[in-house]
Amino acid sequence: MWPLPSCRHKDDATAANGSPGVGARAWNSYGGGGRQGGPLRREVEETLRFCAACGGRLELRFVAEEGKERLVCRACGRITYLDPKISACTVPVLDGRILLARRGIEPARGRWVFPGGYMERGETVPQAAERETFEEVGLRVRATRPVGIYSYPDSVVVVIVYHCEVLGGEPAPNSETLEVRLFSPDEIPWDELAFPSTRDALRDFLAQWGRQA
19 MWPLPSCRHK DDATAANGSP GVGARAWNSY GGGGRQGGPL RREVEETLRF
69 CAACGGRLEL RFVAEEGKER LVCRACGRIT YLDPKISACT VPVLDGRILL
119 ARRGIEPARG RWVFPGGYME RGETVPQAAE RETFEEVGLR VRATRPVGIY
169 SYPDSVVVVI VYHCEVLGGE PAPNSETLEV RLFSPDEIPW DELAFPSTRD
219 ALRDFLAQWG RQA
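For the record, in the sequence shown the residue sitting at position 9 is 27 according to my numbering, with numbers rising by one throughout.
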């Protein structure tokens with residue numbers, strides 16, 4: 019099993035442009051920043067409303083035993099825990115240039131990212147990265163070794179990024195991608211990247227790639 023070159027767990031999450039985000043020390047509830055509301059609180063209020071056990075209404079309630087807010091059923095008291103989502107990605111290289119895709123959907127529509135997406139049941143993380151790469155940009159790849167693992171206190175997504183070997187296919191956008199383009203290292207559009215993980219993983223990738231050259 020490969021050592022992981024980079025396992026980032028940001029104490030102070032930042033946007034892709036470097037602006038300050040939510041600090042981990044303030045992240046003591048699902049709401050983010052105490053009970054004042056945040057991205058997870060909004061997601062809970064908009065998507066998770068009913069208990070899977072009895073169908074009762076869910077509400078965010080402070081649970082003293084755990085010291086934070088949890089989703090609690092008003093009827094039966096069952097706690098619903100929010101599990102992180104895994105996003106598996108690759109950084110394909112063709113003719114010495116990095117392939118990036120410009121997103122055609124929100125969030126971050128119009129911004130650049132490497133191919134990847136959510137892992138599904140029944141597949142490994144490398145298999146998910148390979149599948150998503152083919153679906154998003156039309157390349158058949160083999161995920162080789164990890165670039166790193168990226169997680170942030172104001173995001174429910176854990177991003178796992180791989181180096182890859184390109185086996186075949188022709189780069190092409192899909193229905194969720196506006197375009198695909200190859201960039202040399204000095205052409206990467208740092209101010210137009212989609213997510214903090216995009217920026218952090220590309221920096222790590224370039225550092226590792228340089229050591230291999």
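Think of the CB as a built atom: it goes at the ideal place given N, C-alpha and C, for glycine as much as any other residue.
Everything numeric in this text was worked out from a predicted model, so none of it was measured.
Through-space distance from residue j to residue i, alpha-carbon basis
i: alanine 70; j: serine 169; result: 27 angstroms
i: glycine 122; j: valine 155; result: 13 angstroms
i: glutamate 124; j: isoleucine 97; result: 30 angstroms
i: glutamate 197; j: glutamate 205; result: 16 angstroms
i: arginine 160; j: arginine 120; result: 22 angstroms
i: glutamate 194; j: glutamate 83; result: 43 angstroms
i: arginine 158; j: glycine 135; result: 15 angstroms
i: valine 184; j: alanine 106; result: 16 angstroms
i: phenylalanine 152; j: glycine 85; result: 43 angstroms
i: valine 111; j: threonine 65; result: 38 angstroms
Helix, strand or coil at residue i according to DSSP, with G and I counted as helix
i: serine 173; result: coil
i: serine 105; result: strand
i: glycine 166; result: strand
i: glutamate 138; result: coil
i: glutamine 54; result: Confidence in glutamine 54 is poor, its pLDDT being 37 and thus under 50, which makes the residue's placement unreliable; the coordinate value appears in the next sentence. In this structure, glutamine 54 counts as coil in the three-state DSSP scheme.
i: arginine 121; result: strand
i: phenylalanine 68; result: strand
Proximal residues to residue i (C-beta, below 6 angstroms), its chain only, five neighbours per side dropped
i: proline 102; result: Val174 and Val176
i: proline 203; result: Leu224
i: tryptophan 208; result: none
Beta-bridge partners of residue i, as assigned by DSSP
i: glutamate 183; result: Arg160
i: cysteine 94; result: Answer by DSSP bridge pairing: none, since cysteine 94 is not bridged.
Sequence-distant residues of its chain with Cβ nearer than 7 angstroms to residue i (five each side left out)
i: serine 215; result: Tyr168 and Val177
i: valine 143; result: Ile104, Ala106, Met137 and Ile178
Residues of its chain near residue i, where Cβ-Cβ distance is below 8 angstroms and the 5 sequence neighbours each way are ignored
i: valine 81; result: Glu87, Arg88, Val90 and Ile97
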